[in-house]
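Heads up: the structure comes next, in structure tokens.
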Amino acid sequence: MVCLFVCVILSYFYVIIHVVYKVGNVLLPGDVFSFQMPESITDSKPEKVVCGPGLRRNGDEVLVCKSGILRHKQPNLYWIDSQQRRYVPGKGESVIGIITAKSGDIFKVDVGGSEQASLSYLAFEGATKRNRPNVQVGDLVYSQFIIANKDMEPELVCIDSCGRANGMGVFGAGGLLFKVSLGLVRRLLAPQSEIAKDLEKMFPFEIVVGMNGRVWVKSKTIQQTLIVANLLESCENMTAQQRQTLFRRVADGSI
Amino acid sequence: MPSSLSVQMTTQISYVKSPRQSSSFLFTSTMDVCASSSPTLREFGCEQNLLSRPDGSSSFVQGDTSVLAGVYGPAEVKVSKEIYDRATLEVVMQPKVGLPGVRERAREQCVRETCEASLLSTLHPRSSLTLVLQVVHDDGSLLSCFLNSACMALMDAGLPMSCLFAGVTCAIDTDGQVITDPNAAQEKESRALMTFAIDSTERRVMMSSTRGSFTVHELQQCIAVSQKASDKIFQFYRDSVRRRYSKTL
Chain E
1 MVCLFVCVIL
11 SYFYVIIHVV
21 YKVGNVLLPG
31 DVFSFQMPES
41 ITDSKPEKVV
51 CGPGLRRNGD
61 EVLVCKSGIL
71 RHKQPNLYWI
81 DSQQRRYVPG
91 KGESVIGIIT
101 AKSGDIFKVD
111 VGGSEQASLS
121 YLAFEGATKR
131 NRPNVQVGDL
141 VYSQFIIANK
151 DMEPELVCID
161 SCGRANGMGV
171 FGAGGLLFKV
181 SLGLVRRLLA
191 PQSEIAKDLE
201 KMFPFEIVVG
211 MNGRVWVKSK
221 TIQQTLIVAN
231 LLESCENMTA
241 QQRQTLFRRV
251 ADGSI
Chain Z
1 MPSSLSVQMT
11 TQISYVKSPR
21 QSSSFLFTST
31 MDVCASSSPT
41 LREFGCEQNL
51 LSRPDGSSSF
61 VQGDTSVLAG
71 VYGPAEVKVS
81 KEIYDRATLE
91 VVMQPKVGLP
101 GVRERAREQC
111 VRETCEASLL
121 STLHPRSSLT
131 LVLQVVHDDG
141 SLLSCFLNSA
151 CMALMDAGLP
161 MSCLFAGVTC
171 AIDTDGQVIT
181 DPNAAQEKES
191 RALMTFAIDS
201 TERRVMMSST
211 RGSFTVHELQ
221 QCIAVSQKAS
231 DKIFQFYRDS
241 VRRRYSKTL
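Protein chains in written order, with the UniProt record's numbering: chain E, 1 to 255; chain Z, 1 to 249.
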């Protein structure tokens, strides 16, 4: 299953062939990361390797800094797939934020990270200095990070590079917002997500998934909304088999 | 040469499903090797991700000593406490009965220094990391139990670390024998008590806390014994984490 998320490219460098870890192994912090080159490449020219989250360069070697499963994507991308609850802002990720304050030209948005992000009032579609967007404190916004690194305050926008909203902006009249782990969110957003496919068979509902672990669900009745919310929260630690039996049981037993 | 060399290894694996249906488990291993070269540790077990509110949590059991750890972070920090280039780590220890006192403060200092040495706190400047440790039962080797549960909780929270650490306690009794992982009765009768935090990459001593009188030779002997015992603990960490991720593999 290929997880779709924006990889924070920490480093790339030239690597010598070494045989130790296979993709799919569980690694712990402090392990020195080495991998096996495919047999087809016979020339001794070193290859560039892109390291994603969980791997850090330390001089000549790459160390694992989070515990998790080693994943690989062709041709040369490696990362550690770890289960985590706390969100750390990353550039380009789309998140659900809650407006906490309006101060002058910017809104302060809570995204669940270590500091609040700022969202300019001009960063909405069709917003000008005279035409302010209709955003109140407490609203939910679906927006994207344009600046998100450890040294600066994170900044959000609700438009893409062409100036169109593209699905972003204020939303959430009715519905339920709840929090799940980051791993589940990545599995939901993957291109061939099985969880999403199973959920679609239940009943019609609207869902917004933020990469900060926040999910917003709205369905026709409150009961259906709660059912979907409970299912998502509980299917985190189930195998595919258990999940499908649970969904089937709920679909049979419900209205 | 020890005359009775009995190796009895029983592994008991029990999968525990908590009400929250988290991917937690209890893994216990008993190893009873009567040889003077191998240190004996009490039965230990661990569980990760058992609390719903903290970002990372763990429970570590060594014999009868049991400790619960919770980690919050990276979270918002007060401007007075923030450090411009690294994360602010705060350790809070709660005893089983009563309010935390000077003894807890001293232990908090030991755990905090060990954690700061192994965490990559420069990746989260101007944030706060809070580690809360709660004593569930104290039957000796409390500081090493704190260290082990802290390490598992930090791993569970997904905080970037450069290495893992394990805590080992050694006691020197009145005869001069070295006992690893002593219980409360053995600690009380001992002449000296030492706790070391050993790192996983090069097995070096990260932190040491000692009480009592001992010679330099005895100290070196205890360090050697602790380094050997830490191998078992690191292997246990690896097995625990592997078991935890076995569902998503």
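For each residue, glycine too, the CB sits at the ideal point set by N, CA and C.
{"Item": "Which listed residue (E:K108, E:P154, E:Q144, E:W216) has its alpha carbon closest to that of L188 (chain E)", "Value": "E:W216"}
{"Item": "Which listed residue (Z:S190, Z:P160, Z:V132) has its alpha carbon closest to that of T174 (chain Z)", "Value": "Z:S190"}
{"Item": "Three-state secondary structure assigned by DSSP to E202 (chain Z)", "Value": "coil"}
{"Item": "Near the ligand GTP: V111 (chain Z) beta-carbon under 7 Å from a heavy atom", "Value": "Looking at this structure, you won't find the ligand GTP or any other ligand, since it has none at all."}
{"Item": "is_contact[A101 (chain E), chain Z] using C-beta, thresh 8 Å", "Value": "no"}
{"Item": "Sequence-distant residues of its chain with Cβ nearer than 8 Å to Q221 (chain Z) (five each side left out)", "Value": "V178"}
{"Item": "Helix, strand or coil at D85 (chain Z) according to DSSP, with G and I counted as helix", "Value": "coil"}
{"Item": "contact_flag[the stretch 75-88 of chain E, the stretch 142-153 of chain Z] where n(CB pairs < 8 Å) is 3 or more", "Value": "no"}
{"Item": "Within-8 Å CB hit, L4 (chain E) to chain Z", "Value": "Because the pLDDT of L4 (chain E) is 41, which lies under 50, any placement of that residue in the model is unreliable, and the question is left without a value."}
{"Item": "K247 (chain Z) at chain E interface by Cβ criterion, 8 Å", "Value": "yes"}
{"Item": "Three-way DSSP call (helix, strand, coil) for R126 (chain Z) in this model", "Value": "coil"}
{"Item": "Proximity winner among Z:E187, Z:T169, Z:A184, relative to I233 (chain Z) (alpha-carbon distances)", "Value": "Z:T169"}
{"Item": "Opposing strand residues paired with D81 (chain E) [DSSP bridges]", "Value": "E:I69"}
{"Item": "Backbone CA spacing between G56 (chain Z) and T130 (chain Z) [nearest angstrom]", "Value": "10 Å"}
{"Item": "Closest by C-alpha distance to V95 (chain E), when choosing among E:F145, E:G253, E:Q242", "Value": "E:F145"}
{"Item": "Enclosing alpha helix (DSSP H) for C163 (chain Z) [first to last residue]", "Value": "Run containing C163 (chain Z): none; DSSP gives neither H nor E here."}
{"Item": "Supposed close pair L70 (chain E), V62 (chain E) - CB separation, criterion 8 Å", "Value": "Between V62 (chain E) and L70 (chain E) the Cβ distance is about 11 Å, and since that is not below 8 Å, they are no contact."}
{"Item": "Closest residue to Q227 (chain Z) among Z:L51, Z:A197, Z:V61, Z:E218 (Cα-Cα distance)", "Value": "Z:A197"}
{"Item": "Alpha-carbon to alpha-carbon, Q83 (chain E) and R238 (chain Z)", "Value": "16 Å"}
{"Item": "8 Å Cβ cutoff met for I99 (chain E) and V137 (chain E)", "Value": "yes"}
{"Item": "S193 (chain E) versus V185 (chain E) - alpha carbon distance", "Value": "10 Å"}
{"Item": "Cutoff 8 Å: P191 (chain E) Cβ touching any chain Z Cβ", "Value": "no"}
{"Item": "Any C-beta of chain E under 8 Å from that of G158 (chain Z)", "Value": "yes"}
{"Item": "Reduced DSSP secondary structure (H/G/I, E/B, other) of A117 (chain E)", "Value": "strand"}
{"Item": "Selected residue, minimal CA-CA separation from C110 (chain Z), among Z:Q48, Z:E76, Z:N148", "Value": "Z:N148"}
{"Item": "Residue span of the beta strand (DSSP E) that contains K102 (chain E), given as start and end", "Value": "94-103"}
{"Item": "Backbone secondary structure at Y237 (chain Z) - three-state DSSP", "Value": "helix"}
{"Item": "Within-8 Å CB hit, E61 (chain E) to chain Z", "Value": "no"}
{"Item": "Buried/exposed call for R244 (chain Z), threshold 16 Cβ in 10 Å", "Value": "buried"}
{"Item": "Under the three-state DSSP convention, the category M93 (chain Z) falls into", "Value": "strand"}
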